[in-house]
Each structure stands twice: as structure tokens, then as C-alpha cells.
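Student:
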Amino acid sequence: MNNIKIKAYGKINLSLDVLGRRENGYHDVSMIMQTVDLYDIITLTSIKDCSEIRLKSDTDSIPLDSGNIAYKAARLIKEEYKIDDGVEIHIEKHIPVAAGMGGGSADAAAVLRGMDKLFGLNIGTERLEELGLRLGADVPFLISGGTALAEGVGERLKRLPAPPPCTVLLVKPGVSVSTKEVYEDFDSLAEAVHPDTRGLSELMGNIGLREMALLLGNVLEGVTLRKHKIIEEIKKDLIENGAVFSMMTGSGPTVFGLFETEEQAERAAGYFEGTKGIELVKAVGWLVAE
Ligand code: ATP
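If you're matching positions, the sequence shown starts at 1 in the working numbering and goes up one per residue.
1. Okay, do the region 37-45 and the region 143-162 touch, 3+ Cβ pairs below 8 Å being the bar?
2. Tell me the rounded alpha-carbon separation between F186 and L225.
3. Have a look at S251 and G222 and give me their C-alpha separation to the nearest angstrom.
4. Which same chain residues, not among the five before or five after D84, have their C-beta less than 6 Å away from its C-beta?
5. Taking only heavy atoms of the ligand ATP into account, decide whether any of them is closer than 7 Å to the Cβ of S251.
6. Going along the chain, which residues of its own chain have a beta-carbon closer than 6 Å to the beta-carbon of A8, five neighbours each way excluded?
7. One question on the structure: do L76 and L157 come within less than 8 Å of each other, judged by their Cβ atoms?
8. Can you grab the Cα-Cα spacing for the pair N241 / P163, in whole Å?
9. Just the Cα atoms here: how many angstroms apart are L64 and K56?
10. Which residues in the same chain have their Cβ closer than 6 Å to the Cβ of Y81, if we skip the five residues on either side of it in sequence?
11. Starting from I291, trace the beta strand (DSSP E) in both directions and tell me its first and last residue.
12. Where in the region 156-212 do unbroken runs of the alpha helix (DSSP H), each at least 4 residues long, occur, reported from the N-terminal end onward?
13. Could you check the C-alpha separation between K11 and K93 for me, to the nearest Å?
14. For R198, which option in S61, G217, V171 and G103 has the closest C-alpha, if you only look at C-alpha atoms?
15. Could you have a look at S61 and say whether DSSP puts it in helix, strand or coil?
16. The alpha helix (DSSP H) with G270 in it runs from where to where?
17. If I'm right that L258 touches V168 with Cβ under 8 Å, what's the distance once you round it to whole angstroms?
18. Would you mind giving the Cβ-Cβ distance between G277 and P173, rounded to the nearest angstrom? I have them listed as a contact below 8 Å.
19. Can you say whether L220 is buried or exposed, counting buried as having 16 or more other CB atoms within 10 angstroms of its CB?
20. Leaving out the 5 sequence neighbours to the left and right, which residues in its chain are closer than 6 Å to G285 when beta-carbon positions are compared?
21. Taking 7 Å as the cut-off, does the CB of A70 come closer than this to any heavy atom belonging to the ligand ATP?
22. Can L209 and V244 be called in contact, C-beta distance under 8 Å?
23. Could you tell me whether any non-hydrogen atom of the ligand ATP is closer than 7 Å to the CB of D116?
24. Roughly how many whole angstroms lie between the Cα atoms of K72 and V29?
25. In chain order, what residues of the same chain have a beta carbon less than 7 Å from the beta carbon of P140, not counting five sequence neighbours either side?
26. Consider the C-beta atom of S105 and the heavy atoms of the ligand ATP; say whether any pair is separated by less than 7 Å.
27. Output the boundary residues of the beta strand (DSSP E) element that contains V83.
28. Anyone know if the C-beta pair for T254 and L170 falls short of 8 Å?
29. Within 10 Å of its beta-carbon, does R22 have 16 or more other beta-carbons around it, so buried, or fewer, so exposed?
30. Less than 8 Å between the beta carbons of T249 and N13, yes or no?
31. Relative to the C-alpha of G67, which candidate in K227, I53 and I239 has its C-alpha closest?
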């Protein structure tokens, strides 16, 4: 095999709590992560006569050199498993960049899985997750995706039942948010509203959409919201357009609304499409673990 195509699914956080900060700057978190049906397409092609890693993409909104986390993932596998062949990585980008949807981490996870298959390494999920953690805190979860409680810095994973069926409307405003800055601002915050992530994780699989909605929360939402009022407006507009619940994902700025039917979500999408300041509107479903 010299060519492989892999879907790199993005995620949203149904719950995101920050429990503390470690000396190395990493944060202890407690999160419920969920992959959604929005993905980048990663194509890996092995190159026989050189050992280079080449990176191509249909967008120039991401680094196309060794600064790209997908490049780092390929380099890690080449080094750990002593692979002499080169590899070309092509990223077809659909997950919005720096949006709180883990786009870079998803690409890295897909490259780890893809390199494993392409070179017949049989690495195994647990080891892939360990390697993923060296690249970023969200990468271990995105190796298999689905629904999971993630603790530690994101590496302690517990698989959970999928949330109740619904349609998720993703709405991304055209503002830039730096994950690093959001965490720094959070550290200097006196008070924060902490969601009961553990409590929700224990109920998953036994609650309906409306009950689940009462328990969702993102401790970082208030931090990003203070700087970008448009997030508050999108949240409100989603509810006014029929969403059962709306919340920011990750460090933002993407907001998601949960709708009982696809028709309602599509109608609300119509409201946001073409609205000033909105960069992406997309109705998607949950994605179960691979
Ligand atoms: P998270 O939710 O994990 O914080 P995010 O969705 O907010 O992630 P990404 O889309 O992963 O953010 O991008 C964060 C930064 O990483 C961007 O500034 C981008 O330039 C850089 N980056 C490096 N490699 C990639 C990649 N393959 N895809 C997207 N961004 C990448």
C-alpha cells in the first residue's frame, strides 16, 4: 500500500471544566468530548526514494512546514518506528482553524492512525494515544473519537454512551481566539462557573436531550465572551431560532446549538447564513467511536 485516505473528525466539548494549573503551564481539565460529522480529509502517500516529509493543503490558513502538527505527527512515527521512507501529507481542510473544534489535533490523530496503517506497524490504540499526548492534549481522544470523559491534561479517557440523537448547528463568528490567551485569562479570573462534568458523565446514556442540556457547561465561555460579544449574540439567536441549548466549544469562538430535529436546525442555519460577522454555519450529527 502506498496511499491512504483518512477522515479527521472535529470535536465539540459538551462539558469543559478547568480544575487547576500545573507548574509546567498545562491545565488539569475535566471534559466531555464529542466528535461531530465535520472532518478534514488526510491523504498519506509513501515516498520510496527519499525520507522527506512533504506537506500540502488546499488552504494557506495553516502552516505548511514543520510547524504543522500533522507534520510533527508523521515525524514522531518515523522516529519512533525507524521508518526510512518519506511521506507526503495532503490536508483537505474543512474544520475551521483556531475555532475550538480541535482541527489541528484531529489532523495529528489521523496522521498517527494513517502512518500506522500505511507502514503496517500495528501500533495499537493505547500506544497511539500515548504518542498523541506528546503532540497535544486533545490528540489522545481524537485517535478514536466518539464520546468520552477526558481528565488529567486530557489523556485519561473514559468512553461514554453517545448523547441523545439531535442535530448540532455549528456557528463560527469571524473572530480569532488564541487558546493560550484564553487559558491565561482564565488563570487570572477570581470566580468561575464550574460545570458538574463527572455528574453528567455518570448520567450519559440515561438522559434525554432536554435533561442533558441542563447539565452542559464550559468554564472558559465567560472568558472568551467578555472579549467577543458576538458569541453571546449567537448563543441567544440560536435559542430564539429553536435550539434546546447553545454553548461555546473549547476556547471558542465556535458556538453550537442543539436541535431536536434536522428541519429546525436547517431553518436556524438559514437565519445565520449571510449574516454579518458569521464565517461558518453547518448542521452536523454526532459521530460514534470508530
Ligand atoms: P483546540 O480546540 O484543540 O484548542 P482549535 O480548534 O482552537 O484547537 P486549531 O484549528 O487546531 O485550533 O489551530 C490552532 C493553531 O494551530 C492555529 O493557529 C494553526 O495555525 C496551528 N496549526 C498547526 N497545524 C494545524 C493543522 N493541521 N490544522 C489547523 N491548525 C493547525
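Where is the CB? At the ideal position from N, CA and C, for every residue including glycine.
Tutor: Result, derived from the coordinates:
1. no
2. In the sequence shown, residue 186 corresponds to position 186, counting from 1. In the sequence shown, residue 225 corresponds to position 225, counting from 1. For F186 and L225, the distance between alpha carbons rounds to 12 Å.
3. Working through the sequence shown from its first residue, we reach residue 251 at position 251. Working through the sequence shown from its first residue, we reach residue 222 at position 222. Their backbone Cα atoms lie some 10 Å apart in a straight line.
4. Residue 84 sits at position 84 when you count from the first residue of the sequence shown. Cβ neighbours of D84 beyond the five flanking positions: S51.
5. On the sequence shown, residue 251 is found 251 positions in, with the first residue counted as 1. Checking the Cβ of S251 against the ligand ATP gives yes.
6. As a first step, residue 8 is located in the sequence shown; it is residue number 8 there, counting from the start. Hits under 6 Å: Y39, D40, I42, A106, D107 and A110.
7. As a working mapping, residue 76 is identified with position 76 in the sequence shown. As a working mapping, residue 157 is identified with position 157 in the sequence shown. No; because the gap between Cβ atoms is not below 8 Å, this pair is not in contact.
8. To locate residue 241, count along the sequence shown from 1; it is residue 241. To locate residue 163, count along the sequence shown from 1; it is residue 163. Those two C-alpha atoms are separated by around 22 Å.
9. Residue 64 sits at position 64 when you count from the first residue of the sequence shown. Residue 56 sits at position 56 when you count from the first residue of the sequence shown. L64 and K56: Cα-Cα distance of roughly 7 Å.
10. In the sequence shown, counting from the first residue as 1, residue 81 sits at position 81. Closer than 6 Å at the Cβ level, and outside the excluded window around Y81, lie L121.
11. Residue 291 falls outside the range modelled here, since the chain spans only 1 to 290, and no answer is possible.
12. 179-187 and 197-203
13. Position 11 of the sequence shown, counted from the start, is the residue given in the question as residue 11. Position 93 of the sequence shown, counted from the start, is the residue given in the question as residue 93. In a straight line, the C-alpha of K11 is about 14 Å away from that of K93.
14. On the sequence shown, position 198 is the one that residue 198 refers to. Closest option to R198, Cα to Cα, is G217.
15. For this step, residue 61 is matched to residue 61 along the sequence shown. S61: coil per DSSP, three-state reduction.
16. Taking the sequence shown and counting its residues from 1, one reaches residue 270 at position 270. Its alpha helix (DSSP H) spans residues E262 to F272.
17. For the purposes of this step, residue 258 is taken as the residue at position 258 of the sequence shown. For the purposes of this step, residue 168 is taken as the residue at position 168 of the sequence shown. Right, their Cβ atoms sit about 6 Å apart.
18. What you label residue 277 is simply residue 277 of the sequence shown in a count that begins at 1. What you label residue 173 is simply residue 173 of the sequence shown in a count that begins at 1. Contact holds; Cβ gap of about 5 Å.
19. Along the sequence shown, read from residue 1 onward, the residue named residue 220 stands at position 220. Per the 10 Å Cβ criterion, buried.
20. For the purposes of this step, residue 285 is taken as residue 285 along the sequence shown, with counting starting at 1. Closer than 6 Å at the Cβ level, and outside the excluded window around G285, lie D37.
21. Counted from its first residue, the sequence shown places residue 70 at position 70. Under cutoff, so the answer is yes.
22. The residue labelled residue 209 in the question sits at position 209 within the sequence shown. The residue labelled residue 244 in the question sits at position 244 within the sequence shown. Against a cut-off of 8 Å, the Cβ pair of V244 and L209 comes out as a contact.
23. Along the sequence shown, read from residue 1 onward, the residue named residue 116 stands at position 116. Result no, Cβ not under 7 Å from the ligand ATP.
24. Reading the sequence shown from its first residue, position 72 is the one you call residue 72. Reading the sequence shown from its first residue, position 29 is the one you call residue 29. Approximately 24 Å between the Cα atoms of the pair.
25. Position 140 of the sequence shown holds residue 140. Cβ within range, chain order: E129, G132, L133, G154, E155 and L157.
26. The sequence position of residue 105 within the sequence shown is 105, counting from 1. S105: yes, Cβ under 7 Å from the ligand ATP.
27. Taking the first residue of the sequence shown as position 1, residue 83 is located at position 83. A quick correction: the sequence has Ile, not Val, at residue 83. No beta strand (DSSP E) holds I83; DSSP gives it neither H nor E.
28. Within the sequence shown, residue 254 is the residue found at index 254, counting from 1. Within the sequence shown, residue 170 is the residue found at index 170, counting from 1. Going by C-beta atoms, T254 is nearer than 8 Å to L170.
29. Stepping through the sequence shown from its first residue, residue 22 is reached at position 22. Burial call: exposed.
30. As a first step, residue 249 must be located in the sequence shown, where it is residue number 249. As a first step, residue 13 must be located in the sequence shown, where it is residue number 13. Against a cut-off of 8 Å, the Cβ pair of N13 and T249 comes out as a contact.
31. The sequence position of residue 67 within the sequence shown is 67, counting from 1. It is I53 whose Cα lies nearest to the Cα of G67.
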